[in-house]
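Note sheet for the following structure.
There are 2 protein chains.
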Amino acid sequence: MFRTHNCGELRLADAGNDVTLSGWVQIGRDFGGLTFVDLRDRYGITQIVFDQDDNAELADRARKLGREFVIQVKGTVRERTNKNPNRDTGNIEIIASELKVLNKAKTPPFTIEDDTDGGDELRMQYRYLDLRRNPLQENIIFRSKLALSVRAYLGGKEFLEIETPFLIKSTPEGARDFVVPSRLNEGQFYALPQSPQTFKQLLMVAGYDRYFQIVKCFRDEDLRADRQPEFTQIDCEMAFVEQEDVLNTFEGLTKHVFAELKGITLGDFPRMQYDDAIRLYGSDKPDLRVGMELVELNDVAQNQGFGVFDGAELVVAIRVPGKADLTRKQLDGLTNWVKRPQIGAKGLVYVKCNADGTYKSSVDKFFDQEKLAKWAEKTGAEAGDLLLVISGEDEKSRTQLGNLRLHVAKEYDMIPAGTFKPLWVMDFPLLEWDEDSKRFHAMHHPFTSPKKEEVERMLTGDHDTMKSLKADAYDLVINGAEIGGGSVRIYDRALQEKNFELLGFTPQEAEEQFGFLMGAFEYGAPPHAGIAFGFDRLCSVMNGQSSIRDFIAFPKNNQGRDVMIDAPATIDGGQLRELSLALAVEGETE
Amino acid sequence: MFRTHNCGELRLADAGNDVTLSGWVQIGRDFGGLTFVDLRDRYGITQIVFDQDDNAELADRARKLGREFVIQVKGTVRERTNKNPNRDTGNIEIIASELKVLNKAKTPPFTIEDDTDGGDELRMQYRYLDLRRNPLQENIIFRSKLALSVRAYLGGKEFLEIETPFLIKSTPEGARDFVVPSRLNEGQFYALPQSPQTFKQLLMVAGYDRYFQIVKCFRDEDLRADRQPEFTQIDCEMAFVEQEDVLNTFEGLTKHVFAELKGITLGDFPRMQYDDAIRLYGSDKPDLRVGMELVELNDVAQNQGFGVFDGAELVVAIRVPGKADLTRKQLDGLTNWVKRPQIGAKGLVYVKCNADGTYKSSVDKFFDQEKLAKWAEKTGAEAGDLLLVISGEDEKSRTQLGNLRLHVAKEYDMIPAGTFKPLWVMDFPLLEWDEDSKRFHAMHHPFTSPKKEEVERMLTGDHDTMKSLKADAYDLVINGAEIGGGSVRIYDRALQEKNFELLGFTPQEAEEQFGFLMGAFEYGAPPHAGIAFGFDRLCSVMNGQSSIRDFIAFPKNNQGRDVMIDAPATIDGGQLRELSLALAVEGETE
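Same order as they appear, the protein sequences are chains L and C. All the letters of the first sequence, read from the start, carry residue numbers 1 to 590 under our numbering. All the letters of the second sequence, read from the start, carry residue numbers 1001 to 1590 under our numbering.
The following block contains the structure:
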């Protein structure tokens, strides 16, 4: 037996007992007569003492232990004289009688400490060492507990976890698929699922009533920071439900996991129309920890001789409370920030509401005190506040100012730590018109139902009608992060066909790609609706962290590579020939 | 709201209440004045009554409902006059006041009944209809419950469920990988994991101590009946453990799920040496529900003038209790069965132990009564028993007779229904010599450790020594099905290198493919061991069924195709070009 106890469980009550522990040498400290070793495992750290007077040979060997050596120690538990109250095992230590080195360790390329000296690349390459560090270990353990909690909750509500296939069919709708060549079916490919969408709908047609799955999904996208080609969803679907049932069920789930894992009681989630979210926050995922709603200034800012505003569709402001004291340099910084190509604003107007009741703005030439007072009135600004104003096209300006709002809040520490502000964003548009490709895209996905009262308009309306259709689609947002989204689904063949037609499918294409689903709708499909939560994102948001990568044991880097195992990699010619494939890499001759 | 109750929950206590139900029309029965509809959902069936006298229009509409129509009914619960004790809701019925057709249904291509008239292909094509049938639904629900039970048990034992990546690196060892071309890394491929083996070992190196995952794995094999290209494992690994710890933990898990899901208490699992399993049952997965152990007859059957036996390495028999009365035709049937190419025996000798104490054999010409009596003595045969004897090469003959043993047991109903006989098979050989390729293969996998006392022999021994090395490898077998297997792992770089060398890897190949793992062994790798259960197989064995396909919601057929969604399929040229690939299909010009 390698151990009688783990390194986190011995207490004062165990004093006098003979024990065996195994673990990693966190650190050794040599005080001449006494050598102390902190022995670490997943469960904690226990102090081991080697006494030179007791056993010189043993103490000698202990002194030679390096960091991260794996050892087994036998000894007796005794009370510590200098207790460590910060450690669960801090009241005791083990006076060692035997020591066995189970495995040596080279000096790690970075320190295994909460604050490590290792850079990103190095830690990714030695991920198994990085994973030893407390912050990462806590994240991975949290993730495991969250999954268990989600499963227990949904299992208790009659949800069945049903596995859907990973080797499915490629469809051009949505993001790019990863494909898998089939050896047994020459020239043909499977695709890895971007989500189990069609399968969970078929499970509803099959009568399973309540389905969920914590499941890997795949998207071959150009990677941005904090996006992963494989990611995990809590994927759910319910039959014989309306939107309200789904919202209540998953609000319940969210409250449950916050209570169970974080000890936080969330109140009822507010709801917001999509249109209001865009209007007030310039975003479909408003961070409600931050105030500073967008205020339209058109009627007080236009036709006053300032050409930039006069030519704009929208003049829009946020009030930054108590920030009238920003320096010229800080304000220039904000201006430069919004002018970066990622944001794309042409400029930024500011108004300082001075303590003495006067105003100082970057457009004093065009707007006198009286006029600026009207801006202040409109935005509710008081002495000491700062107004930031952007103008231009309506939607773009709102988005730019919405981004600035978040940037300012972060930059000036205006986001209260440890608070969680959930929000349902509702009534998304069904379709999105894309001017470039001159076609509609599905705002959520092609299986989303228009609101019941919109069905008639959808089946009979003209082009402009389609732009204004609202869907029974909803997103859960927490602290400005999209946790998940879902919709009521179409379950009628004719309506589904109409939607595919609007999305630019020919009837043949629709049949070829989704004929199995539309066929299923003809054999008794119940009304159904569902939702999917981003599991990685939920983990990070619940812990107030921004990177999902720190909650994934073995993530890919921004180039989609696993630098630890060095994947992807070339495969040999035999494998390619078996798959009836050839490389068509530039410069290659195959 | 679509329903106040589901179709399985109303009881006599609900009589008088107004309710709303939704579900599928299982069947309608028209008795003129009264029309009865059995309304079905996942939870059960409730009888709905439409009364012509009450509401003629409603009854009229009810008469027109077809099978599998999706309807919503409002009405009042009342006590039934003719109760149905076979149904949980059998004491009540709903007298309908409103009826709404939520969706029509075409006549299904096969009946949605326990015994359907649909053939395999048709049911696979309309899987969403097949999944409505009780037998399949029970299987899928069982699977969901089993997963929940496994997770709760392991979660309660400090196991963490940790997701490992699906997009990894192809390795030539083992079965064929499915590969996934990388668009962002031109000419390179990911592979889908055949198991999370190396990642779970890295998690042990990373200190996670106890890992599990219920996870999809992938093997691109030539498909046989009841094999799936994607399948599910309960994958586990533990650090600071010996073989005994793993066996105890997973014996505990197995007992737990049998108790919780089947109400069956399993006693302690017997253990058998691999060598004994082969010797006594001609199989490394003996079905202990069947007796009929193999008995060697060399000393009583050879050198008696029967050339076939005399030239054989082994003469081996089973005693079939009480089957001396098989007819000549039945015995010929058995002979033909073992001579099929799948079994490959040259012939079959039988001895009937007649009720009167005499013997009748197919080799009476060579063996008189006295000699046959010795066979009977050796095998413990009594009057009424039948001996079946095969001869030839040792291992082949045992395998053939082992197969015959199972065939006879099935054919003559000698397997007790509803019994479960678990068994640990232990001490597998480490390496298997392959005469064709003139190299060793790993019996379990290349990460398996030889038994501790064998390490020295492995590091220093000659070729023949290697053939005889035993590993700390074990399989769990239930009723003759391999539920899972595992091993103690190598955690020392030098030993791992030696194993790769024995398996025919050059040092460069070993480094290229598994350098990350061997590197990890140098940074403090703890002793560790693990196991993986086939989850699909566990489901089927626990339910006394032979097909794993019936426990998978959307399985592939024997050609690896999903005939419902029609996958795999061709992808368009643009997709191929993006992946820097070209088809090399015969006859194609690309």
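Glycine residues also receive a C-beta, built at the ideal position from the N, C-alpha and C atoms.
For residue i, the three-state DSSP class (helix, strand or coil)
{"i": "M238/L", "result": "strand"}
{"i": "Q1400/C", "result": "helix"}
{"i": "E1244/C", "result": "helix"}
{"i": "M443/L", "result": "coil"}
{"i": "E1291/C", "result": "Before going further, note that residue 1291/C is Gly rather than Glu in the sequence given. Coil, per DSSP."}
{"i": "N1103/C", "result": "strand"}
{"i": "G392/L", "result": "strand"}
{"i": "K352/L", "result": "strand"}
{"i": "Y412/L", "result": "coil"}
{"i": "R10/L", "result": "The sequence shown places Leu at residue 10/L, rather than the Arg named in the question. Of the three classes helix, strand and coil, the one that applies to L10/L here is coil, per DSSP."}
{"i": "S1097/C", "result": "strand"}
{"i": "V1585/C", "result": "coil"}
{"i": "R1489/C", "result": "strand"}
{"i": "E590/L", "result": "Because E590/L carries a pLDDT of 39, less than 50, the predicted location of this residue cannot be relied on, and no value is offered for it."}
{"i": "D427/L", "result": "coil"}
{"i": "Q513/L", "result": "helix"}
{"i": "K556/L", "result": "coil"}
{"i": "F199/L", "result": "helix"}
{"i": "R29/L", "result": "strand"}
{"i": "M1/L", "result": "coil"}
{"i": "V563/L", "result": "coil"}
{"i": "E377/L", "result": "helix"}
{"i": "G573/L", "result": "helix"}
{"i": "A225/L", "result": "coil"}
Minimum C-alpha distance to residue i - residue among the options
{"i": "T448/L", "options": "S362/L, G75/L, R493/L", "result": "R493/L"}
{"i": "P429/L", "options": "N403/L, E9/L, M458/L", "result": "M458/L"}
{"i": "G1252/C", "options": "K1106/C, Q1513/C, K1157/C, V1563/C", "result": "K1157/C"}
{"i": "S170/L", "options": "V179/L, E244/L, R78/L", "result": "V179/L"}
{"i": "E394/L", "options": "T358/L, P450/L, E296/L", "result": "Sequence inspection shows Asp at residue 394/L; the Glu mentioned does not correspond to that position. Residue E296/L is the option with its Cα nearest to D394/L."}
{"i": "G544/L", "options": "I415/L, E501/L, I531/L", "result": "I415/L"}
{"i": "E313/L", "options": "F367/L, P172/L, K396/L, I548/L", "result": "K396/L"}
{"i": "M1001/C", "options": "L34/L, G187/L, V241/L", "result": "V241/L"}
{"i": "K74/L", "options": "C236/L, I318/L, R3/L", "result": "R3/L"}
{"i": "T1081/C", "options": "Q1125/C, I1095/C, F1367/C, Q1072/C", "result": "I1095/C"}
{"i": "E453/L", "options": "K470/L, M443/L, D462/L", "result": "K470/L"}
{"i": "H1528/C", "options": "G305/L, S22/L, E482/L", "result": "S22/L"}
{"i": "E138/L", "options": "I1162/C, K1467/C, D1130/C", "result": "I1162/C"}
For residue i, the residue or residues it bridges with in DSSP
{"i": "W604/L", "result": "Absent from the structure is residue 604/L, since the part of chain L shown begins at 1 and ends at 590."}
{"i": "D209/L", "result": "Partner(s): none; D209/L has no beta bridge."}
{"i": "E230/L", "result": "F218/L"}
{"i": "T1046/C", "result": "L1039/C"}
{"i": "D18/L", "result": "T76/L"}
{"i": "I168/L", "result": "A191/L"}
{"i": "K360/L", "result": "K352/L"}
Contact between the region 1323-1341 of chain C and the region 1432-1446 of chain C is defined here as three or more beta-carbon pairs at a separation below 8 Å; is this criterion met? no
Quick one: which residues of the region 1101-1135 of chain C get their C-beta closer than 7 Å to a C-beta of chain L? List them in chain order. L1102, N1103, A1105, K1106, P1108, Y1128, L1129, L1131, R1132
Tell me which residues of the region 34-49 of chain L have at least one Cβ-Cβ distance to chain B shorter than 7 Å, keeping chain order. Absence of chain B from the displayed structure is noted, the protein chains being L and C.
Check whether the region 1563-1571 of chain C touches the region 37-56 of chain L, counting contact only when three or more Cβ pairs, one atom from each stretch, lie closer than 8 Å. no
Does the region 1363-1379 of chain C touch the region 1303-1310 of chain C, meaning 3 or more C-beta pairs lie closer than 8 Å? yes
What residues in the region 1157-1177 of chain C have a beta carbon less than 7 Å from any beta carbon of chain L? L1160, E1161, I1162, E1163, T1164, P1165, F1166, L1167, I1168, K1169, S1170
Using a Cβ distance threshold of 8 Å, determine whether the region 140-155 of chain L contacts the region 1145-1156 of chain C, with at least three qualifying pairs required. yes
Is the region 1200-1208 of chain C touching the region 1225-1234 of chain C in the sense that three or more CB pairs, one from each, lie closer than 8 Å? no
Under 8 Å, with one C-beta from each stretch per pair, do the region 1087-1096 of chain C and the region 1005-1014 of chain C reach the 3-pair mark? yes
With a cut-off of 8 Å, do at least 3 Cβ pairs link the region 235-252 of chain L to the region 481-498 of chain L? yes
Counting Cβ pairs, one atom from each stretch, are 3 or more of them under 8 Å apart for the region 1258-1274 of chain C and the region 1328-1348 of chain C? no
Residues in the region 1548-1571 of chain C having any Cβ partner in chain L nearer than 9 Å: I1552, A1553, F1554, P1555, K1556, Q1559, G1560, R1561, D1562, M1564, I1565, D1566, A1567, P1568, A1569, T1570, I1571
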